[in-house]
DNA sequence: TTATTAATTGCAACCGATTGCAGAAACTTT
DNA sequence: AAAGTTTCTGCAATCGGTTGCAATTAATAA
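Chains as they are written, first to last, in UniProt numbering: chain P, 1 to 347; chain W, 1 to 347.
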């Protein structure tokens, strides 16, 4: 383990001061061009690498962005990560990632770690059972920019990046209505979470706009797991009259519904049309292909980091922008397109 | 932005030296128990948070593990990340993640960044077109533990964590043979990459063990994308006699093959049986469900970080362990189980 | 030629925690 | 009671850059 080269070594080598070396390496304008060149050459030749700690210690900045995510291994979240990483890397930031495993307690611990690690900013998508955001208080009070995405808490006026879940769900439901569906079930996630609450709202509004009363027994709150899909289908099959459309709050669960429905001999979309949410790759694998709301995870990740960096650079002010809403559109596939005959029969 | 509390503040408050405060906070044995208690109390009460940079600067350790991954948004890789994060977090390490986007140039840049960030150790799964590992030389020469997983380079004696791809592919191919397949295609990835090279080997060995000569035209090298699957199917359908089994080196591509084959009116598995690799969730969505090799990504991530930390703690020695091989088994599903009739006909 | 101004460079303090070594205090042992 | 131990504390240097301010030199204006 050879010793590390420092700016002092370079300074000695070139018979100049460490100050100038430091400035030179940072491309400070007040350093002579030829001196700079000499410094760079010497640094390269001597195998110098900057010590980020010394630098951070002095500058009180880490060039590190923290991310707290419920679960890394989902298609949506890993797309988000990918987008975040790309932008962060391009801007010279490192990403420290941790997962809450959908557990508020773990999220609190993660927040603490991020705080101790002195991330310059934090991006969070809250856990399933997170009830308040007191654990982010230190960030607020220290003025560390904190930005929520996708799963955002409600009560505080925190900056967040979301899609318009209400609108998207409205579109999805309206689409089902236009296909002739009259008894539409909504399989939803935990209503405490904004995204599911909003999707539920969108569903209700769409029904309302078509003068259809929403029924409590048509709204099934689940954890959106595969198993939940199967169980929901059980319930649905027992209903009389039988529902003719299902709007599921995520694709995973929607796919499991389709599988269960097919198993029960139900024709999709003609007996029951199904619409999912997220536009995961599985939508194009299940048969029939699943109609879904495109959720631009990669873009969301890019935007999240970009916004955060803007705050950090003082380009924009955290207190001004409060919500960034990304576009999302309905991608219509076979699972919801009733044949004309079926439509007619229903109509 | 209130000022940060430092050990000096605590020292002043308690009228003791910063040295003792530092030792106290680190639970140094040479500090009186009651003094320690006072220190902890004061720290908590004053809202002290340790400055990792000052500490790192002095200790030359970052408690950070770097990960370079080809693409974050794949089911396999995000499972690996999840496993890594879990273990790292439990052990008090942070994870800095960056992706090479399957590009050697970017991988080189990432490696440099990781080096500059002074990660304590590095975990790498190499990019698609990485040809050598010279860019990791700094890690070797500085004695920073470097551990490859999944996509591991060959020529050097670097520590790596893999599954036995040869054996797994052998099992998969043998399974097809046992189902009565006689003309088995192998759709492979880039042969320069160990995993694909080994899967090809396993395929060849299995044929050999059944006294079947492997044919060059039955081996299709692709990038394993969806598109590649479709193109491969085109080729396969033009072959005469028609192949009756396909072993694909990943699930994504296998699924796209199945879709294309079905579109062409081929019955799966009876006309052509298909086996994939990875055991992604999509194996259970495509119809017929895809037989695949279970690739324990989450476990691989856990093992990778655990091993790395063992090296860091000096528990084990990098130079001793060279390869850790995880178990993987074939998960047989419908896509490869020929009906007895079909089997008989073929036999 | 002298006064100004601009361009460079360096001094020295600082960021906050860690640690080898020495010293003080308390306790044991002859 | 003197000497030897053990237990605790603190001094001061160190890790490697960064930065306000002053100083030196070169360039330009008067």
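Just so it is clear, CB atoms sit at the ideal spot from N, CA and C, and this is done for glycine as well. If you're wondering where the values come from, they're calculated on a predicted model, not measured in any experiment.
The beta carbon of residue 260/W is closer than 7 Å to those of 229, 230, 233 in its chain, skipping five residues each way along the sequence. Restricting attention to alpha helix (DSSP H) runs no shorter than 4 residues, the stretch 158 to 210 of chain W encloses them at 165 to 178, 194 to 209, ordered along the chain. Residue environment for residue 27/P: exposed (fewer than 16 other C-beta atoms within 10 angstroms of its C-beta). Within chain W, 96, 97 have C-beta atoms less than 7 Å from the C-beta of residue 95/P, given in sequence order.
The residue among 238/P, 166/P, 180/P, 121/P with its C-alpha nearest the C-alpha of residue 204/P is 166/P.
Between residue 272/P and residue 246/P, the beta carbon gap of about 6 Å places them in contact (Cβ cut-off 8 Å). Per the DSSP secondary-structure output, residue 221/W pairs in a beta bridge with 188/W. Listed in chain order, the non-local C-beta contacts of residue 20/W below 7 Å within the same chain comprise 31, 35, local neighbours out to five positions each way being set aside. Pairing residue 81/P with residue 298/P, the inter-Cα distance amounts to about 7 Å. Listed as beta-bridge partners of residue 121/W by DSSP are 65/W.
One thing to note: residue 326/W has its Cβ no nearer than 8 Å to the Cβ of residue 185/W.
Counting the other CB atoms within 10 Å of its CB gives residue 92/P a total below 16, which places it among the exposed residues. Residues of the same chain with a CB within less than 7 Å of the CB of residue 49/P, apart from the 5 flanking positions on each side, do not exist. Membership of residue 110/W in the alpha helix (DSSP H) is indicated by the continuous run 104 to 116. Under DSSP, no beta-bridge partner is assigned to residue 237/W. If you check the CB distance, residue 301/W and residue 290/W do not come in under 8 Å. Listed in chain order, the positions of the stretch 240 to 257 of chain P with a beta carbon within less than 7 Å of a beta carbon of chain W are 255. Chain P places a beta carbon closer than 8 Å to that of residue 72/W, counting this residue as a contact. Under the DSSP definition of a beta bridge, residue 248/W partners with 187/W. Think of a sphere of 8 Å around the beta carbon of residue 117/P: the chain W residues whose beta carbon falls inside it are 52, 94, in chain order. Less than 8 Å separates the beta-carbon of residue 148/P from that of residue 126/P. Looking at the backbone, the Cα of residue 173/W and that of residue 313/W are separated by about 42 Å. In the displayed model, residue 273/W falls within a strand according to three-state DSSP. For residue 244/P, same chain residues with a beta-carbon under 8 Å away, outside a window of 5 residues either side, are 180, 181, 182, 183, 184, 271, 272, 273, 346 in chain order. Interface annotation, residue 188/P: not in contact with chain W, CB-CB separation never under 8 Å. With a threshold of 8 Å between beta carbons, residue 78/W makes contact with chain P. Only 297, 298 from the stretch 291 to 322 of chain W bring a Cβ to less than 9 Å from some Cβ of chain P. Secondary structure of residue 331/W (DSSP, three-state): strand. Rounded to the nearest whole angstrom, the C-alpha separation of residue 144/P and residue 53/W is 17 Å. Residues of chain P with a Cβ closer than 9 Å to the Cβ of residue 57/W are, in chain order, 51, 53, 54, 56, 57.
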